[in-house]
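The numbering of the sequence shown is my numbering, which starts it at 11 and goes up by one. Cβ atoms here follow ideal geometry from the backbone N, Cα and C, with glycine treated the same way. Worksheet for the structure shown next.
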Amino acid sequence: MNSVFETFAFFVIFSGGAAAGYFGRFLWLEKKRREFEADARNLVAESKKEAETIKKEAILQAKDSVLQMKLEFERESKEGRKEFQNLEKRILQKEENLDRKAEGLERRDAALGKREKQLAQQEKDLVYREKELDSIIKEERERLENISGMSAQEAKEMLLRSIENEARHDAALLVKKIETEAKEAGDRKAKDIISLAIQRYSGDYVAEKTVSVVTLPNEEMKGRIIGREGRNIRAIEASTGVDLIIDDTPEAVILSGFNPVRREVARIALERLISDGRIHPARIEEIVEKVSAEIETSIREAGEQAAFDVGVHGINPELIKLIGKLKFRTSYAQNVLQHSREVSFLCGIMAAELGLNEKQARRAGLLHDIGKAVDHEMEGPHAAIGADLARRYGESHAVVHAIAAHHEDIPAEDVVATLVQAADALSGARPGARKELLETYVRRLEDLERIAGSFNGITKAYAIQAGRELRITVESNVVGDADVVLLSRDIAKKIESELTYPGQIKVTVIRETRAVDYAK
C-alpha cells in the first residue's frame with residue numbers, strides 16, 4: 011500500500027511539476043509571441059514609413075522628370091516654331107522672288123515676241139532686197155560680160171596679172187633708174203656708194219696664237235730645264251713673263267702667253283740655252299736679256315722696213331716700234347704686219363685713182379691696226395687705241411680719224427676713212443688670206459646654193475670662186491629681163507640676213523633665150 015501510495019504521490023508530484031513546467035513554457039512563448047508581434051508591428055510601421063518615403067521620393071522624381079520633359083518639350087517646340095517661322099519666311103520670300111521673276115519673264119517674252127516679229131519682218135525685207143540686188147548684179151555682170159566678151163573670173167585674173175606685171179616692171183625700172191643715177195652722180199656720189207657697200211664687211215675679231223712649242227733633243231733635257239727644286243723653270247718664267255708647260259709631250263715643252271713678243275723672246279732664249287747646255291738662273295737671265303735686246307732691234311727694223319716699203323716717212327720712232335710688233339700678231343692666221351702693208355698699198359692705189367692724197371692714204375692704211383700691238387696692255391677696241399696712239403705721237407687728224415673709223419666704231423667723215431675700210435676688207439677677204447675651217451666652208455657653199463634654189467624660176471645655182479660668187483641660171487619663160495634685177499637683189503638680201511661670211515659675195519643671175527631649129 012505504501013508503495014502504491016508513494017507511486018501515486020510521485021505521479022501527482024510529477025504531474026504537477028510537468029504542469030508547472032508547461033505553464034512556464036507557455037508563459038515564455040506568450041512573451042516571445044508578444045515580442046515578435048511588437049517587432050512585427052514596428053517592422054511594419056518602419057516598412058510603411060520607408061515605403062511612404064520611397065513613394066514620396068518616387069513621386070518627386072517623377073514630377074521632376076515630368077517637369078524636365080515638359081521644359082525640354084517646350085524648348086524644342088519653341089525652336090521648332092522658330093525654325094518653322096524662318097522656313098515660312100524663306101518660302102514667302104522665294105515665292106515673292108518667283109513672282110517677280112515670272113513677271114519679268116512675261117515682260118521679256120512679250121518684248122522678245124515683239125522683237126522676233128520685227129526681225130522676221132526685217133529678214134523678209136532683206137531677203138527681198140538681196141534678191142533684187144542679186145538680180146541687178148547678175149544683169150549688170152551679164153551686160154558687162156557681153157560688152158567685154160569674157161567672164162568675171164577671167165577678167166579678175168587678167169586684171170591681177172596685169173597689176174602684178176606692171177608693179178614688177180615698174181619696180182625693176184625704178185631699181186635700174188636708181189642705179190643709173192647713182193653711177194652718173196659723179197665722184198662724190200661714187201665714193202659714198204663705195205663707203206656704204208664696203209662698211210658692212212669689216213670685222214673686229216682677232217684670234218691670236220698664244221702657244222709656242224720648243225723641241226728638245228731628248229727627254230733628259232726636261233729635268234735640266236726644271237732644275238733643282240724647280241729653280242730653273244721659275245727663273246725662265248720670271249725673266250720672260252710666260253708660262254713654261256712641261257707635260258707628257260715627247261721631246262717638247264710648251265710656252266704659253268698672250269704677249270707674242272715675250273713668247274718669242276722665251277722661245278729663242280730657251281733654244282739657245284738648250285743648245286748651249288748651261289742652264290742655271292744666272293745664265294737664264296743673261297740669255298733672256300740678250301734675246302730681248304735682239305728682238306727689240308728686230309722689231310724696230312721690221313717697222314722701218316714696212317714704212318720704207320710703202321713709201322711712208324717721218325713716223326714717230328715709238329709708232330715704228332709698234333708697227334714692228336705687228337709682225338708677231340695674227341688675225342685668222344693672217345700676219346697683221348703683212349695685212350697692214352697690203353692695206354697701205356690698196357689705199358694708195360685707190361687714192362691715186364680718185365685723185366686724193368696718196369701718201370696720206372698709205373700712211374693711214376699702214377697705221378690702221380696699230381692698236382693691235384698693245385691691245386693686251388690698254389683697255390678698249392683696237393681702233394680706238396690705235397687712234398689715241400696716233401694722236402699722241404703727232405699724226406694728222408685725217409689719219410687719226412681713219413684709224414678710229416676703220417671698224418665703224420665712229421661714222422666715217424671723209425674719203426680716206428672709207429678707203430681704209432675698203433682696203434681692210436679687201437685684204438682680209440681675198441682668197442687664201444685668212445683661214446677657215448673646211449666644214450664651215452662647205453656648209454657655207456651648201457647654204458648659198460640652198461638659198462638660191464628657194465626662189466621660183468631657178469634652174470641651177472653654183473657657188474664658185476671659193477664661195478665669193480653665186481652664179482644662177484633662170485627659166486626664160488618664167489623670169490623676165492626686168493625681173494632678173496629684182497631676183498638678184500632679193501637673193502643678195504636673203505644671203506645677208508641668213509649667213510655670216512668674210513668679205514663679199516657676188517650674185518650673178520643669167521637669163522637667156524635659145525632658139526633651135528633644124529635644116530632638113
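Proximity of residue i and residue j at Cβ, strictly below 8 Å
{"i": "A400", "j": "V409", "result": "yes"}
{"i": "V275", "j": "I305", "result": "yes"}
{"i": "A130", "j": "A492", "result": "no"}
{"i": "V353", "j": "H378", "result": "yes"}
{"i": "A362", "j": "L429", "result": "no"}
{"i": "R524", "j": "V489", "result": "no"}
{"i": "N242", "j": "I289", "result": "yes"}
{"i": "G267", "j": "V252", "result": "yes"}
{"i": "H411", "j": "D424", "result": "yes"}
{"i": "V271", "j": "K335", "result": "yes"}
{"i": "A374", "j": "I413", "result": "yes"}
{"i": "A262", "j": "V223", "result": "yes"}
{"i": "A312", "j": "L347", "result": "yes"}
{"i": "L496", "j": "R178", "result": "yes"}
{"i": "I294", "j": "I246", "result": "yes"}
{"i": "I297", "j": "R282", "result": "yes"}
Beta-carbon contacts of residue i that lie in its chain and below 7 Å, excluding the five residues immediately before and after
{"i": "I468", "result": "A462, I482, V484"}
{"i": "G324", "result": "none"}
{"i": "V320", "result": "R351, S354, F355, R372, L376"}
{"i": "L455", "result": "A473, G477"}
{"i": "S437", "result": "H349, E352, V353, L356, A443"}
{"i": "S498", "result": "V517, V519"}
Bridge partners - residue i, DSSP secondary structure assignment
{"i": "S266", "result": "V221, D253"}
{"i": "N175", "result": "Paired residue(s): none; N175 is not in a bridge."}
{"i": "T518", "result": "R481"}
{"i": "I468", "result": "V484"}
{"i": "I474", "result": "E479"}
Buried or exposed (CB count within 10 angstroms, at least 16 for buried), residue i
{"i": "Q78", "result": "exposed"}
{"i": "T250", "result": "buried"}
{"i": "L480", "result": "buried"}
{"i": "D434", "result": "buried"}
{"i": "P327", "result": "exposed"}
{"i": "F338", "result": "buried"}
{"i": "P260", "result": "exposed"}
{"i": "T10", "result": "One cannot answer for residue 10 here, as it falls past the ends of the chain, which runs 11 to 530."}
{"i": "P227", "result": "exposed"}
{"i": "A443", "result": "Any reading at A443 needs caution, since the residue's pLDDT is 47, under 50, leaving its predicted position unreliable; the model's value is listed next. Flag for A443 reads buried."}
{"i": "R91", "result": "exposed"}
{"i": "H317", "result": "Note that residue 317 is Ala in the sequence shown here, rather than His. By the neighbour-count rule (16 or more Cβ atoms within 10 Å), A317 is buried."}
{"i": "M543", "result": "Lying before the first or after the last residue shown, residue 543 is absent from the chain, which here runs from 11 to 530."}
{"i": "H416", "result": "buried"}
{"i": "R273", "result": "buried"}
{"i": "L280", "result": "buried"}
{"i": "L254", "result": "buried"}
Contacting residues, own chain, Cβ-Cβ under 6 Å from residue i (five flanking each side not counted)
{"i": "E459", "result": "A471, A473"}
{"i": "I278", "result": "V301"}
{"i": "V494", "result": "V519, R521"}
{"i": "Y528", "result": "none"}
{"i": "I359", "result": "none"}
{"i": "Q315", "result": "none"}
{"i": "V322", "result": "R372, R373, L376"}
{"i": "R234", "result": "I289"}
{"i": "E368", "result": "G358, A361, A362"}
Own chain residues within Cβ distance below 8 Å of residue i, not counting five before or after
{"i": "I501", "result": "I461, A462, F465, L480, I482, V517, V519"}
{"i": "E593", "result": "The requested residue 593 does not occur in the structure, where the chain is confined to residues 11 to 530."}
{"i": "G396", "result": "L377, H378, D379, I380, G381, K382, I413, A414"}
{"i": "G404", "result": "N326"}
C-beta neighbour in chain B for residue i, strict 8 Å
{"i": "I243", "result": "Among the chains of the structure shown, chain B does not appear; only one protein chain is present."}
Next on the checklist: Extract the residue ranges of the beta strand (DSSP E) inside the stretch 318 to 379, only unbroken runs of 3 or more that lie entirely within it.
Outcome noted: You should have found no qualifying run.
Item to check | Continuous beta strand (DSSP E) assignments of at least 3 residues falling wholly in the stretch 55 to 134 | outcome: Correct list: empty.
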